[in-house]
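Read in order, the letters of the sequence shown are residues 581 to 638 in the numbering used here. Beta carbons are placed, not taken as given, at the ideal position from N, Cα and C, and that holds for glycine. Everything on this sheet refers to the single structure shown next.
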Amino acid sequence: MLGELISETYETELETLGAWMEQEDTRRIILDKRARNLGFAWFQEQNGKIWWTMILGS
Numbered sequence: 581m582l583g584e585l586i587s588e589t590y591e592t593e594l595e596t597l598g599a600w601m602e603q604e605d606t607r608r609i610i611l612d613k614r615a616r617n618l619g620f621a622w623f624q625e626q627n628g629k630i631w632w633t634m635i636l637g638s
């Protein structure tokens with residue numbers, strides 16, 4: 581396990597990834613050269629709020 585990213589602010593996966601890439605700490609996890617496996621998923625609450633998560637591993 582190299583890292584887990586979680587966000588609940590954005591509407592699309594591209595908005596979420598773009599926001600993560602703008603932050604130094606989350607960008608470092610995404611660009612880690614050891615990362616060989618990843619999972620990217622979302623969950624939508626009944627009230628419409630969307631949660632995004634990405635897990636990266638070597």
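Going by the CB atoms, is the gap between residue j and residue i shorter than 9 angstroms?
i           : j           : result
residue 634 : residue 619 : yes
residue 636 : residue 615 : yes
residue 609 : residue 594 : no
Reducing DSSP to helix, strand and coil, say where residue i ends up.
i           : result
residue 582 : coil
residue 589 : coil
residue 615 : coil
residue 637 : strand
Distance, Cα to Cα, residue i vs residue j?
i           : j           : result
residue 603 : residue 590 : 15 angstroms
residue 588 : residue 617 : 23 angstroms
residue 628 : residue 638 : 33 angstroms
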